[in-house]
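For my numbering, add 22 to where a residue sits in the sequence shown, where the first one is 1.
The C-beta atom is built at its ideal place from N, Cα and C for all residues, glycine as well.
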Amino acid sequence: MKFLFVTLFPEQIEQAASHSILQRAASKGLIEVSCINPRDFTHDVHRTVDDSPFGGGAGMVLKPEPMVAAIRKAKEQLPNARVIAMCPGGRTLKQSIVEEYAHSGQDFIFVCGHYEGFDERIFHWVDEKLSIGDYVLTGGEMPAIIVMDAISRFIPGVLGKIESAEEDSFSTGLLEYPQYTRPVNFEGMEVPEVLRSGNHALINSWRLKQSLKATLALRPDLLSAEQKELLTGRLPYKMKKSERRFYEELRAEIAAEQETRANAEVKEDEANG
């Protein structure tokens, strides 16, 4: 898969792609990373790519001429690529979008903004806008790198096992369960016995419980209506015995943990009182 960045700071992209998993993926030929600098399409001695906005206002705006020329050059190199402008006005990145991109079979051109953003006319040469969250950064390079990293994880051979990408947080719609490795006992904290049992059915059940508990506590917005009902509402009348037992046990664990936290908060308030 090829990733081409239209950027004023190609060294930032090159640096990010020269380490760890991305570097190994590039060396294996699984991904290809390149850059085009809009400054190379300017015609003045200062290589100017920005100008003050019409109507007044703070900051500078990226000019259409060098940006569009750079995008056109990028499309010559990758004619079937999806062109994505990294900017706050785009749809917000989430795991389903990452997987959509990863399985599209397309290459990608990322257009990285700076200053106060793009001249609006630039978007006529863009397929879509994309944001990584509701906050503002100094430029589009880091968001674009994040998107490339997230997509690359789904390319066969980039990770040791593709299951690593498919089982991570958000891929299942839930937060990830706790992970442990050796030693079994570290400063009095032990790896849960179930993970050492060798019983994969019990291990999978434990992991699902932990994911559901973590998601309910930290990101309940990720739960479907059906999942919320199973965790906090009335259990369906018709339900497999094993499934009912799973959710009854899970709900009891959640209630016990909530009570423990509540008691701890009361003790803390009394101590500070």
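Residue interval of the alpha helix (DSSP H) (run including residue i)
| i | result |
| --- | --- |
| T254 | 247-254 |
| F268 | 263-294 |
| A47 | 42-49 |
| I53 | First-last for I53: undefined, no H or E at that position. |
CB contact flag (residue i, residue j, <8 Å)
| i | j | result |
| --- | --- | --- |
| L159 | I106 | no |
| G81 | E163 | no |
| G161 | H136 | yes |
| L52 | I177 | yes |
| K85 | V71 | yes |
| L30 | P60 | yes |
| L244 | L196 | yes |
| L181 | I131 | no |
| F63 | A96 | no |
| L257 | R267 | no |
| M89 | F25 | no |
Residue closest to residue i, alpha-carbon to alpha-carbon, out of the options
| i | options | result |
| --- | --- | --- |
| F27 | G210, V169, R283 | V169 |
| V206 | K95, L197, V216 | V216 |
| Y269 | N285, W228, R46, E122 | W228 |
Limits of the beta strand (DSSP E) - the one that residue i falls within
| i | result |
| --- | --- |
| K95 | First-last for K95: 86-99, but that is the alpha helix (DSSP H), not the beta strand (DSSP E). |
7 Å CB neighbourhood of residue i in its chain, flanking five on each side removed
| i | result |
| --- | --- |
| Q34 | E163 |
| K50 | G179 |
| I167 | I35, A38 |
| R69 | R61 |
Q.
Does the contact criterion of 3 or more C-beta pairs under 8 Å hold for the stretch 137-149 versus the stretch 40-53?
A. no
Q) Touching or not, the stretch 208-226 and the stretch 245-265, by the rule of three or more beta carbon pairs under 8 Å? A) no
Q.
Below 8 Å, how does it come out for the stretch 269-279 and the stretch 229-244: are there three or more Cβ pairs, yes or no?
A. yes
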